[in-house]
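Inspection log for the structure reproduced underneath, given as structure tokens.
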Amino acid sequence: HAENQNLMMATTTSTDNTGLLDYLIPHFEKQTGIHLKWTATGTGKALKLGQKCDVDVLLVHAPPAEKKYIANGYGKERREIMYNDFVIIGPENDPANIKGKSISDALKLIKTKQALFASRGDDSGTNKKEKLLWKNAGIQLPDKEKWYVQTGQGMLATINVCQEKDGYTMTDRGTYIKYQSVQKGNAPLKIVVEGDSVLLNQYSVLTLDPENCANAKYDLAVKFSNWMASKNAQNLIKDFRLLGQKLFIPNAKQ
Amino acid sequence: MTIRELAYHLKDICHYYGNTKVLDIDELKIKKRSITALIGPNGSGKSTLLKLLAFAQKPTQGQILYKGRKEYPFSSGIRSKITLLTQKPYLLKRTIFENIAYGLKIRKDTDNLEKRVKEALLNVGLDYEKFENRKWHELSGGEAQRVAMAARLILKPEVLLLDEPVASVDTKSAKLIRRASLNARQELGTTLVIASHDLQWLYSISDRQISMFKGQLFSTGIENIITQPFEKQNSKTHIKRLDDGQIIKLPPPAPKTCNAIIRKKKVFIGLEQQEESASLNQLYGQIASMLFEKKTGLIMTTVTVHDTSFVLRLNPDEITNLELHPGKKVILKFDIHDIEWI
Amino acid sequence: MTIRELAYHLKDICHYYGNTKVLDIDELKIKKRSITALIGPNGSGKSTLLKLLAFAQKPTQGQILYKGRKEYPFSSGIRSKITLLTQKPYLLKRTIFENIAYGLKIRKDTDNLEKRVKEALLNVGLDYEKFENRKWHELSGGEAQRVAMAARLILKPEVLLLDEPVASVDTKSAKLIRRASLNARQELGTTLVIASHDLQWLYSISDRQISMFKGQLFSTGIENIITQPFEKQNSKTHIKRLDDGQIIKLPPPAPKTCNAIIRKKKVFIGLEQQEESASLNQLYGQIASMLFEKKTGLIMTTVTVHDTSFVLRLNPDEITNLELHPGKKVILKFDIHDIEWI
Amino acid sequence: MDFIVAGFIKAIELLISGDSSTWTAIFATLKVSTCSMVLSIGAGLPCGFLLGYFDFRGKKALRTFVDTMLALPTVFIGLAVYAFISHQGPLGEFNLLFTLTGIAIGQTILALPIVTAITASTIENIDHDLKLTLVTLGAGKRNIITTCLWEVRYGILAAAVTAYGRVLTEVGISMMVGGNIKYHTRTITTAIALETNKGLFANGIALGLVLIFIAFIVNLSLSFLRKQ
Amino acid sequence: MDFIVAGFIKAIELLISGDSSTWTAIFATLKVSTCSMVLSIGAGLPCGFLLGYFDFRGKKALRTFVDTMLALPTVFIGLAVYAFISHQGPLGEFNLLFTLTGIAIGQTILALPIVTAITASTIENIDHDLKLTLVTLGAGKRNIITTCLWEVRYGILAAAVTAYGRVLTEVGISMMVGGNIKYHTRTITTAIALETNKGLFANGIALGLVLIFIAFIVNLSLSFLRKQ
Ligand SMILES: Nc1ncnc2c1ncn2[C@@H]1O[C@H](COP(=O)(O)OP(=O)(O)OP(=O)(O)O)[C@@H](O)[C@H]1O
Ligand SMILES: Nc1ncnc2c1ncn2[C@@H]1O[C@H](COP(=O)(O)OP(=O)(O)OP(=O)(O)O)[C@@H](O)[C@H]1O
Ligand SMILES: [Mg+2]
Ligand SMILES: [Mg+2]
């Protein structure tokens, strides 16, 4: 039965890039005997792989898209596991003068000052959140504005573009910590806006709807979902540190 | 010739390159075990004819029967029986040994390979030890030519087609190649067709000579071709002016012909001028060379008239009587009515 | 010869391919405006020598002076003055016109280009209209050879080196090429060096014949080479056995030599046997061919003794007196002491 | 610039320390590239031969087609292969998604036009006299193919080496079809992409050097096939 | 499979509707690929000639080196170029990062070994008699280069077409050096990567088809240079 004990997951790059999965999954495998493999891609592609039944379970962070996904009959259950938060980072001299402002005000200032803002522009969870924030601030997405640079790349690449161009960007905290460590402590980009409740970044496990994907290993996926929500796993997540800093805050409902 | 004696039978062959007709043969029969020589100026179609005979090309029109059967390029019946030594032989990028053994290897006939390669090299006068391991490009021009010849001889084919086998080959090797060709015919019954510009060599080997001119065949050896331009003198005679002022008189051309030949048996030699006559050509010339034809015992003599050459055959007595020798001034005589338009 | 008259002066040339010595020339002088013929069996080093003369290769050892100066491949002084027609002429993948015009174009000398190309084609007997636009591969073997020749003639070089210019070229075109070469010398003072196996043609054009054998030179035309193997008979004589039982007597070989020559002026012809003598060779043979040498008025005669050929020059009187003609059985006589070891 | 130097040191470390993830990626890379090269050479040589040797109607159009196929983006190939081997695709039952086999299929499609096009152009260049010589020596169709290919062996080597370079360095197919699964389908190139995404440029450079080193070893051993 | 069909329809839509992001990506692609092809051919032909024509000590080693350079991963090139042209790099002052010029530099490095290697192997194949003929006709060094290259023009065309395919389809350099910035440095290939990552496979296929279409147009016009 070893064959059937294999589970294939699609996840977003942040869980993989931060090393969370490398830390967590060996525990899962030891405790359940289930062998888990994962492919890390953009949220959009991860959802698509699920929709096409090429994976068994998803670990993603784009709640509105996830809900729509279940509503469309591709996903069965969505279980919130943990969150971290987004921050706005920018040059130390803060040309748009947004330090400490609320998120909406900050974005408005950026727009009026035409300060350069780097967006991932790749429809990832992060990008979706960013677009939502512009909308909340009452600003139409500045798609073709010169100061609004869409990189179409991952978070770190986007931060790099931002650094080269002395602009602002929105990133998840995990990637920012990674970025800081690569810059060996003197990163030119600093956190300017943080802490707003809308900046929360919720990660959830999605199981696939067996009606859509008969071949997907629904049982094992449920086991994984349960395990991730278990006390044990939640504690492990709580203890996970990247470069000495906590990254994810577990919030699974027991 | 009965059909069973025939190696080749060509009927109504026309061959074109693009829109240019380069071969136009009504009929050609080649007997088994015969050695046929193809003679003709550059571009007369010798190589093209040989390629057709080798079934390496399909004629644009007409059919070629080999031993009474219609054959085509690549038909397995002929592939391993007919071989052609091409005019520009190509050596494979391998050693000389491998080049010569190639044909046998693809026939999967590799018993005693080394011995046979040695023999083939010997046939063309090359030393096995010295050449066996050489690379294809480490040869002089004549050596390369001879290696290519050896690669054909070793196959012991039913038909051996040779396109200029002795161009750039030295005299001694040319003799060896002649001997090898004759041996092949003698011992294996090989049919040979050979194109060459070395007439002396060609005569010493062939049973039958076919002259080619602009894609057409004339079956009786080297004929003397009188080429354009001509002038019309009157309704009965055309003339060709030579640069030294001499004139050749010709009959009016037949329709659609533009060159004339005078067969060599119709040309006579003399020392004194005869009385002028409207129908007799008398041309002053000088004997350039005399070659012995072993098979006939006759002497092939080339006479230069200003800048054209005429060939005729003389017997030894005639030569002694007239005290002929190369360098001697002579008069060539032939009747205007013996000139044929082609 | 004064230095100012010399085109080439070669000193102590040795040339190797790998470890094999293929040229070994102590000294060779070639006069300006001369026509030198290189004669020798396959692999004797003719092409190699021509490549050295063309400065297309550097000799392994020794030096080549051109007009008294040391020159090297690619030195601009000679690049445009010396041209070589290679043994396997290569046509560029362009039209015939472009092939012939190529040399002039790289010399940026393109006045009247069309006229000059036309003339060059005419010089080798090809029709401008018919060939100008042909592609390089749409030619017969002899036509390609002649196009390559035309591409050299058009350059009007100071030195024209020709490697087998008439191999696979028809007789008429060979004559044209001879005339063009002679004209070049006459009108432009061109120096020519020509290698060929067509001895008759070569004699008709050259002032001086150099025989080559295994990389060595013999400066007096076609010499008769007696090749290995030899048997030692006694301390004074070695012998070479011919397959028909005849014997050639030779003096004992000089150290480090292995082949012998008998110069053609030391060979005599007769009809009757003389008294036997230890120092006289008498060989039964048959006259194979007789060719007229325009320049000397002599007749070059080839006599076959079993399967080796001897060449000698006769004058017309001798021929008439002895009633010689090709096919006649004769006796060749030469003294053992006239044989040289090389 | 500093990360380039760091990358050099890291590369040596990775190879010497026997880092298991690096070594599994090396083996995965070798496995798929060998497999796809064998397949693409096996199919590409005959195709290239036919395309270069014979004259036929539509030959030019076919050449243009093959040349166009040289510009197949790897992600595109990846997507197309994915479409076929995904669970819902026609070949879904073979479970090729997220396997090295799947990658090899995609890479074969990538390398095939390269081998075909360069072989064809090399064959096209062969002397007309060679063809005539082979026919007149009695070579059958099979002999003609093998002998012609052998005559232009250096050109074919160039085709193979170029295709190998392409296969070795491609990311799109390995990423899309293989999924970059650690210890399974992670190849060196997808690992480079991952490290770079993480911002660990030195690691990226180090893995790149490892790949170049592999290519060097392969080419060094091929260089004995070269003209002396 | 469905997304492939959808991709076809979408491709036509994109081209007809004049979708501005698609068209700017097309122009960016054309600009950089043309630029890098001109540069790599300009440098690669002479290099390939020297490598193929002359015999010298160390020639085999140099060939092996060039062959190895065929296996330079694009991400690696991207990283190296990035190191040089980023703010802190030695060429930082020229502001080449996130520009098409930067991409073109990287792509030139990518294409150069391809052009060089295939040219060298083609030149190596030329007849020894050609060399001799040229020298004896009085050709100087420059004439020899140009004439030899012209003699093997079909081989060189193959080199160029292969390199073009490579340049047109590479992602790593464009992504790393260009930054995939919408309306600026986004090329078709980086756009494909993005769409695919978004899970919009049909869009990926559509853009891939657009790229193939471009390659087709280019090759079609080149096909008139081919042997008739
Ligand atoms: N590929 C070709 N395309 C067009 N014309 C050609 C081609 N090959 C040969 N020809 C022409 O066909 C004619 C016959 O050529 P062929 O090679 O048969 O002559 P040949 O008698 O062998 O001459 P040579 O003595 O020079 O070898 C020539 O006029 C030549 O110009
Ligand atoms: N590249 C090479 N490598 C090794 N040996 C060679 C090479 N080229 C020629 N040779 C040898 O050098 C000798 C001289 O060759 P060369 O071509 O000069 O002879 P040749 O007198 O021109 O002969 P031919 O009458 O056949 O043209 C020959 O014995 C030949 O085998
Ligand atoms: Mg011919
Ligand atoms: Mg020679």
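Line by line, the protein sequences give chains A, B, C, D and E. Under my numbering, think of the first position of the first sequence as 1, with each following residue one higher. Under my numbering, think of the first position of the second sequence as 1, with each following residue one higher. Under my numbering, think of the first position of the third sequence as 1, with each following residue one higher. Under my numbering, think of the first position of the fourth sequence as 1, with each following residue one higher. Under my numbering, think of the first position of the fifth sequence as 1, with each following residue one higher. A virtual CB, placed ideally from N, CA and C, is assigned to each residue, including glycine. Since the structure is predicted, the reported quantities are computational estimates derived from the model, not experimental observations.
Quick check: is any heavy atom of ligand 6 less than 7 Å from the C-beta of Y17 of chain C?
Ligand 6 is not part of the structure shown, which contains ligand 1, ligand 2, ligand 3 and ligand 4 as its ligands.
Quick check on H15 of chain B - is its C-beta less than 8 Å from some C-beta in chain C?
Against the second sequence, residue 15 of chain B aligns to sequence position 15. Closer than 8 Å: no.
Bridge partners for F27 of chain D per DSSP, in chain order?
Indexing the fourth sequence from 1 puts residue 27 of chain D at position 27. Bridge partners of F27 of chain D: none, in fact.
Where Q88 of chain D meets chain A, residues with beta-carbon distance less than 7 Å
Your numbering for residue 88 of chain D matches position 88 in the fourth sequence. Result: K52 and C53.
CB contact check: V182 of chain A to chain D, cutoff 8 Å:
Start at 1 with the first residue of the first sequence, and residue 182 of chain A comes out as number 182. By this cut-off, V182 of chain A is an interface position.
Proximal residues of chain C, C-beta to C-beta of D129 of chain E below 7 Å:
In the fifth sequence, counting from the first residue as 1, residue 129 of chain E sits at position 129. The answer, in chain order, is T86, K88 and Y90.
Does any residue of chain D have a CB that is nearer than 8 Å to the CB of Y72 of chain B?
For the purposes of this step, residue 72 of chain B is identified with residue 72 of the second sequence, where counting begins at 1. With 8 Å as the cut-off, Y72 of chain B does not count as an interface residue toward chain D.
With ligand 4 as the reference, list in chain order each residue whose Cβ lies under 6 Å from any of its heavy atoms.
B:S140, B:G141, C:K46, C:S47, C:Q87 and C:D163
Own chain partners of A120 of chain D with C-beta closer than 6 Å, once the 5 adjacent residues on each side are dropped
Sequence index remark: in the fourth sequence, residue 120 of chain D carries index 120 (1-based). Excluding sequence neighbours, A120 of chain D sits near G48, L51 and G52.
Kindly list, in the order they appear in chain A, the residues whose Cβ is closer than 7 Å to that of L97 of chain D.
As a first step, residue 97 of chain D must be located in the fourth sequence, where it is residue number 97. Per Cβ cutoff of 7 Å: D54.
Could you pull the DSSP bridge partners for A195 of chain C from this structure?
Mapped onto the third sequence, residue 195 of chain C falls at position 195. The partner list for A195 of chain C (beta bridge, DSSP) reads C:L38 and C:D163.
Thinking C-alpha only, which one of A:D54, A:Q31, A:T12 and A:T13 is nearest F224 of chain A?
The residue labelled residue 224 of chain A in the question sits at position 224 within the first sequence. Checking every option, the nearest Cα to that of F224 of chain A belongs to A:Q31.
Comparing the CB of N315 of chain C with every heavy atom of ligand 1, is any distance shorter than 7 Å?
Walking along the third sequence from the start, residue 315 of chain C turns up at place 315. No, the beta carbon of N315 of chain C sits no closer than 7 Å to any heavy atom of ligand 1.
Selection from A:I237, A:P26 and A:T169 that minimises the alpha carbon distance to K131 of chain A
Within the first sequence, numbered from 1, the residue matching residue 131 of chain A stands at position 131. It is A:T169 whose Cα lies nearest to the Cα of K131 of chain A.
Taking Cβ-Cβ distances shorter than 9 Å, what residues in chain D pair up with I212 of chain E?
Numbered from its first residue, the fifth sequence carries residue 212 of chain E at position 212. Chain D residues near I212 of chain E: T68, M69, A71, L72, P73 and F76.
Measure the CB-CB distance between I217 of chain D and T162 of chain D and report whether it falls below 8 Å.
Residue numbering aside, residue 217 of chain D sits at position 217 when the fourth sequence is read from its first letter. Residue numbering aside, residue 162 of chain D sits at position 162 when the fourth sequence is read from its first letter. Their beta carbons are not under 8 Å apart, which means I217 of chain D does not touch T162 of chain D by this criterion.
Under 9 Å (Cβ pairs) to chain D, residues found in the stretch 43-54 of chain B:
K51 and A54
List the residues of chain A whose Cβ lies closer than 7 Å to the Cβ of G179 of chain D, in chain order.
For the purposes of this step, residue 179 of chain D is identified with residue 179 of the fourth sequence, where counting begins at 1. By Cβ distance, chain A contributes T39.
Which residue from C:Y17, C:T302 and C:F97 puts its Cα closest to that of R146 of chain C?
As a first step, residue 146 of chain C is located in the third sequence; it is residue number 146 there, counting from the start. Ranking the options by Cα distance to R146 of chain C, first place goes to C:F97.
Taking the alpha helix (DSSP H) that Q228 of chain C falls in, what are its first and last residues?
Counting from one through the third sequence, the residue named residue 228 of chain C turns up at place 228. Element bounds for Q228 of chain C: n/a, residue is neither H nor E.
Find out if the Cβ-Cβ distance for the pair L206 of chain A, V60 of chain A is shorter than 8 Å.
In the first sequence, residue 206 of chain A corresponds to position 206, counting from 1. In the first sequence, residue 60 of chain A corresponds to position 60, counting from 1. Taking 8 Å as the Cβ cut-off, L206 of chain A and V60 of chain A qualify as a contacting pair.
Can you find at least 3 beta carbon pairs, one from the stretch 265-283 of chain C and one from the stretch 263-280 of chain B, that sit closer than 8 Å?
no
Per-residue burial, K328 of chain C [other beta carbons within 10 Å of its own, 16 or more giving buried]:
Numbered from its first residue, the third sequence carries residue 328 of chain C at position 328. K328 of chain C is buried by the Cβ-count criterion.
8 Å CB neighbourhood of N219 of chain D in its chain, flanking five on each side removed
Taking the first residue of the fourth sequence as 1, we reach residue 219 of chain D at position 219. Hits under 8 Å: V161.
Got a sec, what are the start and stop residues for the alpha helix (DSSP H) T190 of chain D sits in?
In the fourth sequence, residue 190 of chain D corresponds to position 190, counting from 1. It spans I188 to N197 - the alpha helix (DSSP H) in which T190 of chain D sits, taken as one unbroken run.
Report, in whole angstroms, the separation of the C-beta atoms of I103 of chain E and V210 of chain E, which I expect to be a contact under 8 Å.
Position 103 of the fifth sequence, counted from the start, is the residue given in the question as residue 103 of chain E. Position 210 of the fifth sequence, counted from the start, is the residue given in the question as residue 210 of chain E. The pair is not a contact, with the Cβ atoms about 18 Å apart (cut-off 8 Å).
DSSP three-state assignment for E138 of chain C, whether helix, strand or coil:
Along the third sequence, one-based indexing puts residue 138 of chain C at 138. Coil at E138 of chain C, not helix or strand.
Kindly indicate which residue of B:E272, B:T237 and B:V303 has the alpha-carbon position closest to the one of H337 of chain B.
As a first step, residue 337 of chain B is located in the second sequence; it is residue number 337 there, counting from the start. That would be B:T237, whose Cα lies nearest to the Cα of H337 of chain B.
Is L38 of chain C near A167 of chain C, with beta carbons less than 8 Å apart?
By 1-based counting over the third sequence, the position of residue 38 of chain C is 38. By 1-based counting over the third sequence, the position of residue 167 of chain C is 167. No, these two residues do not count as a Cβ contact at 8 Å.
Extent of the continuous alpha helix (DSSP H) to which P113 of chain E belongs
Start at 1 with the first residue of the fifth sequence, and residue 113 of chain E comes out as number 113. That run of the alpha helix (DSSP H) goes L100 to E124.
When the cut-off is 8 Å and only beta carbons count, does K253 of chain A lie next to chain D?
By 1-based counting over the first sequence, the position of residue 253 of chain A is 253. No, K253 of chain A lies away from the interface with chain D (no Cβ there is under 8 Å from its Cβ).
Which ranges would you report for the alpha helix (DSSP H) in the stretch 45-99 of chain B if only whole runs of at least 4 residues count?
46-53 and 76-79
Less than 7 Å between the CB of A167 of chain C and some heavy atom of ligand 3, yes or no?
Working through the third sequence from its first residue, we reach residue 167 of chain C at position 167. No, ligand 3 has no heavy atom inside 7 Å of this Cβ.
Does the beta carbon of L201 of chain E come closer than 8 Å to any beta carbon on chain A?
On the fifth sequence, position 201 is the one that residue 201 of chain E refers to. According to the sequence provided, residue 201 of chain E is Phe. The question's Leu does not apply to it. Chain A contact via Cβ: present.
Anything in chain E within Cβ reach of K60 of chain D, meaning under 8 Å, just list it in chain order.
Numbered from 1 along the fourth sequence, position 60 holds the residue referred to as residue 60 of chain D. Correct list: S223 and R226.
Between the Cα of Y74 of chain A and the Cα atoms of A:S204, A:C213 and A:L247, which residue gives the shortest distance?
For the purposes of this step, residue 74 of chain A is taken as the residue at position 74 of the first sequence. It is A:C213.
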